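Start counting the sequence shown at 253; every next residue gets the next number (my numbering). Using N, Cα and C, we set each Cβ at its ideal position, and we do this for glycine too. Note that the coordinates shown come from a computational prediction; the quantities given were computed from them, not determined experimentally.
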Amino acid sequence: MFTSSKKKTPFRWVNCLNGQKGSADSLPARFPLPSANPALGISASEAGLLLEATSAAPVLVNGTLLRPKTTITETSTVQLEDGLFVISGNEDDPFDSVQTGSWVLFDATTGDQLGELPPQQLLEYAANLGRATDTLACTPAGLEVGFKLSQIASLLTVREETEPKPAAPSALTAEQNKGAHLCPVCWTRFDAGDALSVAIHEDLRGDPILGADARLRFQPTRFNDQGLALDPMGLACTDLACPHCRRQLPPGYMDMPHRILSVIGAPSAGKSYYLAVLTHVLQDRLPGDFGLAFKDGDPSGNMLLNQMRNTLFSAATPEDALLGKTALEGATYEKLPRLGRMVSLPRPFIYSLARPSASRDETSIVLYDNAGEHFEPGIDIHDSPGAMHVANSAGLLFLFDPTANARFKAKLIGVDDPQLAIKGRVDQQDSILSEMESRIKRVLGLAPSQRIATPLAFVVGKCDTWEFLLSSPLEPVLSAGKLNLEAVRRNSDRVRTVLVGLCPGLVATAESLASEICYFAVTSFGHQPTVLTTGPNKGRIAPDPQRLAPAHVEEPVYWLLHRSSPELLPSR
């Protein structure tokens, strides 16, 4: 009897994004092949192939998260963070006729074929059909198994945007950064003609990228007599969205100039309280100080900050005035596509400055409450780019918490402030400032020795606890409806002198970052907060709403706005 000596191939695979095919000579094996960081271990089992995760990166097998291993008996899909594969343990080659340049789109429920087209066009085709991606599946021509379109959308976008031009080392400085308008959410530029319209008709709910709950975004081709885009059902659309992240833009956003002000600080430095107090004070003070109206430019997008402000200033007790922490994945962040991947981006709070006497003379102010964790060393700038808005800012506000600094606390012995008694706090403010410097210079393509042109307001908070350390009292910074820059400078010198004596390294880092820097002393509460003694938040610290007396909180913003828009806030 004749026995073949031909060696059986344990498994075969095809890369569905680039068409590369291969096979394993023996088991167990690592996958993908070759790779410096394989995501899977594949070994033989009685039933078929045993797949086991070998890294922390998520792996989907046949559309289901691998936890931590599974056995496959048939040809199966494998989705990695940066690749789409089909693997098979069949002895015959099942990938002989696969064409990765042409994909079949079909209904995920009925299996009805909806079209065959290049993979780069799948998302646009789905949008034109008015279909949400979670109702569709797709596969390269010649395969019998497929992927859920909703799960692979980001990989198809990456392929479309990055394949023609390999990334250069300085890609961060030029990534999709072309056009007259800057998106306030993903910070990529676009021209007015590239903005997407947002469908109105209820039957068009479901976006191929944002999911089934979002209204369809589309490139308009039909318009009514007033020039408004018509959605696929013929209804006029007034809302626009960014063509990159697809986030809806505030009304009139593209009709006015914008000034981004980024608030940065360590976790629990008081950024949320500062922004809540700041918007309240600006609304009260700007009309009298400079004849400007401070208006809500995006009521739906600003709802969270407005709620925080109302909670603080409408509260009756400290328990009612307590604001939550800005968690990395919390309510002030949202998951959106950016450069082909879903990332966590901070929600912008958009307001406008306008002179009541001038028609269409408005400037948009974009504020960010950025979680301090985004600036902690080790968080990747691409996977968590939420801190990248600082590179597009008209002004930076670094909020320094003196009650977290050991040298400051040593000078405040005897001050009856519960914030000074908090145990276990690690002062990482110098690390966050250094990381901010590194990231901004990296995004802008600057050498370490260069300084940014963006003005930096170094804001030392909670001055009600430490202002006795100043050489003399702070001066008023307004004079006859104008900003008194000399008074601002003298106040800055007073604060800097205190910082140099207690935190000289922090001052050196700040002054190596920005060529223009000014120091401010502010207090969001104007009093020492209290410790809650009852209820679910027992032990936490909150302000007493009956004693709120914020001071100087608007001065850093006045200075930054003057530097970027002197015609709005003049000086003397």
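- Around S817, the same chain offers R511 and T615 as residues with beta carbons nearer than 7 Å, after the five sequence neighbours per side are excluded.
- According to the DSSP secondary-structure assignment, V618 is paired through a beta bridge with I512 and I602.
- Where N743 is concerned, the enclosing alpha helix (DSSP H) starts and stops at L737 to L754.
- Under the DSSP definition of a beta bridge, L544 lacks any partner.
- DSSP, reduced to helix, strand and coil, places M594 within a strand of the structure shown.
- Sequence-distant Cβ neighbours of K734 in its own chain, meaning closer than 6 Å and more than five residues away, are P822, S823 and R824.
- Around V752, the same chain offers V759 as residues with beta carbons nearer than 7 Å, after the five sequence neighbours per side are excluded.
- Annotation: C770 to T706 spans about 12 Å, alpha carbon to alpha carbon.
- M560 counts as buried, since at least 16 other C-beta atoms from the protein chains shown sit within 10 angstroms of its C-beta.
- A residue is called buried when at least 16 other Cβ atoms come within 10 angstroms of its Cβ; K661 meets this threshold and is buried.
- With a threshold of 16 other beta carbon atoms within 10 Å, R659 falls short and is exposed.
- The C-alpha of P310 lies about 14 Å from the C-alpha of F337.
- Within the same chain, Cβ atoms closer than 6 Å to the Cβ of S744 are found at C770 and Y771, the five residues on either side in sequence being excluded.
- In this structure, K430 sits away from F347, with a CB-CB distance that is not shorter than 7 Å.
- When DSSP states are grouped into helix, strand and coil, W811 belongs to the helix group.
- For D613, same chain residues with a beta-carbon under 7 Å away, outside a window of 5 residues either side, are A606 and R607 in chain order.
- The Cβ neighbour count for P509, taken over all protein chains shown within 10 Å, is under 16; the residue is labelled exposed.
- Distances from the CA of F650 to each of G517, G463 and L619 were compared; the closest alpha carbon is that of G517.
- Distances from the alpha-carbon of A493 to those of T749, D443 and T361 put D443 closest.
- Closest option to C268, judged by alpha-carbon separation, among A451, S566 and Q331: Q331.
- In terms of Cα proximity to F358, the closest of K693, T391, N789 and D344 is T391.
- Here DSSP, grouped into helix, strand and coil, assigns A773 to strand.
- DSSP, reduced to helix, strand and coil, places A658 within a helical segment of the structure shown.
- By alpha-carbon distance to L597, the top candidate from P436, G791, L388 and A643 is P436.
- When Cβ pairs closer than 8 Å are counted between the two stretches, the stretch 771-780 is seen not to touch the stretch 683-703, the count staying below three.
- E326 counts as exposed, since fewer than 16 other beta carbons sit within 10 angstroms of its beta carbon.
- The distance from the Cβ of S297 to that of T323 is about 5 Å, consistent with a contact at the 8 Å cut-off.
- If the five residues before and after Q535 are omitted, its C-beta is found closer than 7 Å to the C-beta atoms of F546, all from its own chain and listed in chain order.
- Under the criterion of beta carbons closer than 8 Å, L721 and V750 qualify as touching, at roughly 5 Å.
- Counting of Cβ neighbours within 10 angstroms places N270 among the exposed residues, the total staying below 16.
- For K587, the secondary structure class from DSSP, reduced to helix, strand or coil, is strand.
- Under the three-state reduction of DSSP, H433 is assigned to strand.
- By the Cβ criterion, the stretch 723-730 is not in contact with the stretch 665-681, since fewer than three pairs of Cβ atoms, one from each stretch, lie closer than 8 Å.
- Looking at the DSSP output, T316 sits in a beta bridge with V313.
- Your pair R746 and S723 checks out as a contact, with CB atoms roughly 6 Å apart and the cut at 8 Å.
- A straight-line Cα-Cα distance of about 28 Å links A384 and M506.
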